[in-house]
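S.K.: 1308 is the number of the first residue of the sequence shown in the numbering used here; add one for each residue after it.
Cβ coordinates follow ideal geometry from the N, Cα and C atoms, glycine included.
Here the structure is a predicted model, which means the values were calculated and not measured.
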Amino acid sequence: MVSRIVLALAIGFLLTGCGGDETVSGKDGSADVAAAFYPLAYAAERVGGAVVSVTNLTPPGTEPHDVELSARDVERVRSASVVLYLGSGFQPALEQAAEGASGETIDLLEGLDLRAAGTAVDPHVWLDPVRYARIVERIGTALDRPDEAARLKKELLALDGEFRAGLEDCERQELVTSHAAFGHLAERYGLEQIAISGLSPEAEPTAGELEQVIEKVREHGATTIFFETLVSPRLAQTVAREVGAETAVLNPLEGLTEEDIDAGADYFSLMRANLAALREALECR
Ligand SMILES: [Zn+2]
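#1: Say the cut is 7 Å; is the CB of A1488 nearer than that to a heavy atom of ligand 1?
#2: Within 10 Å of its beta-carbon, does Q1500 have 16 or more other beta-carbons around it, so buried, or fewer, so exposed?
#3: Please state whether DSSP places F1344 in a helix, a strand or coil.
#4: Can at least three beta-carbon pairs, one atom from the stretch 1553-1564 and one from the stretch 1455-1469, be found at a separation below 8 Å?
#5: Looking at the structure shown, is S1332 part of a helix, part of a strand, or coil, going by DSSP?
#6: Cβ-heavy atom distance between P1559 and ligand 1 below 7 Å?
#7: Measuring alpha carbon to alpha carbon, tell me which residue in S1409, I1413, S1386, S1337 is nearest G1394.
#8: Please report how far the alpha carbon of Y1439 lies from the alpha carbon of D1339, in whole angstroms.
#9: Determine the contact status of A1351 and P1371, defining contact as a CB-CB distance below 8 Å.
#10: Could you spell out the range, first to last residue, of the alpha helix (DSSP H) harbouring D1380?
#11: Considering only DSSP beta bridges, list what L1391 is partnered with.
#12: Does the pairing of the stretch 1473-1483 with the stretch 1518-1529 give three or more beta-carbon distances under 8 Å?
#13: Would you say H1372 touches ligand 1, meaning its beta carbon is less than 7 Å from a heavy atom?
#14: Sort out for me which residues DSSP pairs F1533 with in a bridge.
#15: For E1329, which residues from the same chain have a beta carbon less than 8 Å from its beta carbon, with the 5 sequence-adjacent residues on both sides left out?
#16: Whole angstroms is fine: what's the gap from A1405's alpha carbon to V1384's?
#17: Excluding the five sequence neighbours on either side, which residues of its own chain have a C-beta within less than 7 Å of the C-beta of H1491, listed in chain order?
#18: Sort G1418, A1427, D1420, Y1392 by Cα distance to E1411 and report the nearest one.
#19: Counting pairs of Cβ atoms below 8 Å between the stretch 1442-1453 and the stretch 1466-1481, do you hit three or more?
#20: Do L1506 and A1424 come within 8 Å of each other at the CB atom, strictly closer than that value?
#21: How far does the beta strand (DSSP E) with S1360 in it extend, from its first residue to its last?
#22: Can the beta-carbon of L1487 be found closer than 8 Å to that of A1472?
#23: Compare the C-alpha of P1512 against each of R1541, S1388, S1360 and name the closest.
#24: For a test of your reading of the model: does the CB of H1491 fall under 7 Å from any non-hydrogen atom of ligand 1? Yes or no.
#25: Cβ of E1590 within 8 Å of Cβ of E1475?
#26: With V1483 as the anchor, note down where its beta strand (DSSP E) starts and where it stops.
#27: Taking C-alpha atoms, which residue in V1361, P1367, A1341, L1347 lies nearest to E1568?
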């Protein structure tokens, strides 16, 4: 696999002209990985260490659904030695750019068992530590770094244990979220997701659908409505006001904010903050 990466690098050089752009090959000859958004970039950095140079194609502070790529980003995808992305329409512009890539392109949703959400598949696999661990394993194979992948996988399975233990004995099971990002997580830990928007934050509800969500939230007696850091809290606040519930942050890990980065937050610290927020909202013992 290393030789494939080296070969792809060599081809990348030939296509782009030697030494023109340092992002093409990484600063010191390391393999250049283009990752679709934060969770994939984080995994690639942890697994790849110093032998890879990772570019995150979704800028900090923006959510990755339907990301638009600049001409420079498209060039990065085309010349990267490895492109890591999620298919199934999560980021169509990236899927399209990956078709013209000279390196290895890996759709990390392939081969995972995915829950259906209506007619679409739910791409939010990274919020389930067990599915995310499988993704990490695959990245380890692609980058020829199985030991590093195994280490990260072990940490993820420990995190899974923390979620299991932390959500085992709760007063309520309903998780009211802004957009439907927590379906895989809910399924893994026996919770029920009630989402205000659809699989994408842009899939906003009609007035009638919003009324149905409010009814459902009332029925279940949920006391917390979760909103996200990268999406407007407007709808969550509306639902909370209607039912007299509180709002709190539940982070779908679709990207870090500048504040997250300054605070040194990462996948694990934000997932543990999510667990704490869930335990409080659902009154877990
Ligand atoms: Zn999402």
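M.R.: So, to answer that:
#1: Yes, the beta carbon of A1488 sits closer than 7 Å to at least one heavy atom of ligand 1.
#2: Q1500 should be labelled buried.
#3: Under the three-state reduction of DSSP output, F1344 falls in the coil class, being neither helix nor strand.
#4: Contact between the stretch 1553-1564 and the stretch 1455-1469 is absent, because fewer than three Cβ pairs lie under 8 Å.
#5: Annotation note: pLDDT 47 at S1332 (below 50); position unreliable, coordinate value reported separately. Residue state, collapsed to three classes: helix.
#6: The answer is yes for P1559.
#7: Per the Cα distances, I1413.
#8: Cα to Cα, Y1439 sits roughly 22 Å from D1339.
#9: Not in contact: A1351 and P1371 (Cβ atoms no closer than 8 Å).
#10: From DSSP, the alpha helix (DSSP H) with D1380 extends over 1378-1386.
#11: DSSP output for L1391 lists A1342, I1413 as bridge partner(s).
#12: The stretch 1473-1483 is in contact with the stretch 1518-1529.
#13: Yes; taking the cut-off as 7 Å, the Cβ of H1372 has a heavy atom of ligand 1 nearer than that.
#14: F1533 pairs with A1555.
#15: At E1329 the pLDDT is 38, less than 50, meaning the model places this residue with poor confidence; the figure from the coordinates comes in the next sentence. Here the set comprises nothing.
#16: Distance between the alpha carbons of A1405 and V1384 is about 6 Å.
#17: Hits under 7 Å: R1422, D1429, H1431, V1432, L1434, D1435, R1438.
#18: Nearest option by C-alpha distance: Y1392.
#19: By the Cβ criterion, the stretch 1442-1453 is not in contact with the stretch 1466-1481, since fewer than three pairs of Cβ atoms, one from each stretch, lie closer than 8 Å.
#20: Yes, the Cβ-Cβ distance between A1424 and L1506 is below 8 Å.
#21: Where S1360 is concerned, the enclosing beta strand (DSSP E) starts and stops at 1359-1363.
#22: Strictly speaking, residue 1487 in this sequence is Ala, with Leu absent from that position. Taking 8 Å as the Cβ cut-off, A1487 and A1472 do not qualify as a contacting pair.
#23: It is R1541 whose Cα lies nearest to the Cα of P1512.
#24: False, no ligand heavy atom lies under 7 Å from that Cβ.
#25: Going by C-beta atoms, E1590 is not nearer than 8 Å to E1475.
#26: Counting along the chain, the beta strand (DSSP E) containing V1483 begins and ends at 1481-1484.
#27: It is worth fixing the name first, because residue 1568 is Ile in this sequence and not Glu. When each option's Cα is compared against that of I1568, the closest is P1367.
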